[in-house]
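Take the working numbering: the final residue in the sequence shown is number 277, and no numbers are missing along the way. Positions of the beta carbon are idealized from the N, C-alpha and C atoms, including for glycine. Data first, discussion second: the structure below is written as structure tokens.
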Amino acid sequence: MIVTVLAVAITAGVFVLINRFTTFTEATEGCRITTPDGSLDLEIEQAQIAAVIAGVAHRRKLPERAVVIAYATGIQESKLENISYGDRDSLGVFQQRPSQGWGTPEQLLDPVYATGKFFSALVKVKNYRKIPLHEAAQEVQRSADGSLYAQHEDNAKILAAAFTGRVPRAVHCWFSPEGDEKTPAPAPAPDEARRELARNLGSGTTLDVSSRKRGWLIATWSLAHAQKYGLRRVRYDGHAWNVTAGEEGGWQADAEASRERVQLS
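This is how it looks when you write it as structure tokens:
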């Protein structure tokens, strides 16, 4: 059983989460998610976790509703962070407990594994697509107060629309590129990024895309992980993101960016 932290701590955590999602626009690095339903600011680590959750859901051919439930749960449990502590032996994004059979501590600190375990439990919940979000989440988590998941549904819907690729160009991240004239930046690692992307989406994954939605899912995952892998540019579907453009850059028109393939460099 996963038990939520004391009520006072939960309340404080939600307050911090709301601030983190909305008020750090002057940060030197971060991500902004913008869809027709609203805008959120995330830290880069949070965006990476969000991208992983969407990728694992895509691999399992799950509906967007499953992604929304996972996001709302992750926001409540960890603020979408891969934390190494929690109530009793709870760990990771979803605060899953080794003592309750979710996996080893090492496994639960792997967001791909933890997300897979969450979805494996969620799909066993009867009518999880139709029942209220907090009821579906609580069937998986068995927390002290399952009603708390409901408060994050609107933010979860914004994240799901963006990271599943349903809304193109919805995610923009910015950070200072490493290196200068005296100390050159390390070479980008697009091959490593592709391997990790394949681990999220399943074997056989390439950057050639079969649909525009899948293309934007891959492009968004790549952008969220650009800092981690030293990527400077992501190109897809007539647009490109470039690290040198900074916070205000976003996705810019690029007539040579293919709709059939996501390009990383």
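Would you kindly report the start and end of the unbroken beta strand (DSSP E) that includes residue i?
i       : result
Asn-254 : 251-254
His-184 : 183-186
Thr-127 : From DSSP, Thr-127 is part of no beta strand (DSSP E) but of the alpha helix (DSSP H) over 123-134.
Ile-45  : 42-47
Leu-145 : No beta strand (DSSP E) contains Leu-145, which is instead part of the alpha helix (DSSP H) from 145-153.
Gly-50  : 50-54
Do residue j and residue i have their beta-carbon atoms positioned less than 8 angstroms apart in this structure?
i       : j       : result
Thr-176 : Glu-76  : yes
Gly-67  : Asn-212 : yes
Glu-165 : Leu-134 : no
Gln-60  : Tyr-161 : no
Val-227 : Arg-271 : The question names Val, but residue 227 in the sequence shown is Gly. Closer than 8 angstroms, so yes.
Arg-245 : Ala-236 : no
Lys-129 : Gln-108 : yes
Ala-267 : Tyr-248 : no
Pro-110 : Leu-120 : yes
Pro-180 : Leu-243 : no
Leu-219 : His-70  : no
Phe-131 : Arg-224 : no
With a threshold of 16 other CB atoms inside 10 Å of the CB of residue i, please say whether the residue is buried or exposed.
i       : result
Ile-143 : exposed
Val-274 : buried
Glu-41  : exposed
Glu-208 : buried
Thr-232 : buried
Phe-27  : Note that Phe-27 has pLDDT 33, beneath the 50 cutoff, so the model's placement of it is unreliable and the number below is only indicative. Classification of Phe-27: exposed, given that the 10 Å Cβ count is below 16.
Tyr-97  : exposed
Pro-48  : exposed
Thr-35  : Here the model assigns Thr-35 a pLDDT of 44, short of 50, so the residue's position is not dependable, and the following value carries that caveat. So Thr-35 counts as exposed.
Trp-263 : buried
Glu-93  : buried
Gly-86  : buried
Gly-113 : exposed
Glu-55  : buried
Ala-149 : buried
Gly-115 : buried
Ser-102 : buried
Gly-50  : exposed
Lys-194 : For Lys-194, the predicted model reports a pLDDT of 49, less than 50, meaning its position is unreliable; a value from the coordinates is still stated below. With fewer than 16 Cβ atoms within 10 Å of its Cβ, Lys-194 is classed as exposed.
Ala-62  : buried
Pull up the CB-CB distance for residue i and residue j, whole angstroms please, since I reckon it's below 8 angstroms.
i       : j       : result
Ala-205 : Tyr-241 : 4 angstroms
Val-64  : Val-124 : 6 angstroms
Asn-167 : Leu-276 : Their Cβ separation, rounded to whole angstroms, is 28 angstroms, which puts Asn-167 and Leu-276 out of contact at 8 angstroms.
Val-105 : Ala-84  : Between Ala-84 and Val-105 the Cβ distance is about 12 angstroms, and since that is not below 8 angstroms, they are no contact.
Val-183 : Ile-95  : With 8 angstroms as the limit, Val-183 and Ile-95 do not qualify as a contact, their Cβ atoms being about 22 angstroms apart.
Ala-238 : Cys-185 : 6 angstroms
Going by DSSP, what residue range makes up the alpha helix (DSSP H) through residue i?
i       : result
Arg-247 : Counting along the chain, Arg-247 falls outside any alpha helix (DSSP H), though it belongs to the beta strand (DSSP E) covering 245-248.
Ser-90  : 76-90
Ser-234 : 224-236
Leu-213 : 202-213
Asp-166 : 165-175
Gln-119 : 117-120
So with Cβ pairs under 8 angstroms, would you call residue i a contact of chain B?
i       : result
His-164 : Among the protein chains of the structure shown there is no chain B, as only one such chain exists.
With contact counted as at least three CB pairs below 8 angstroms, one residue from each stretch, are the segment 167-176 and the segment 77-86 in contact? yes
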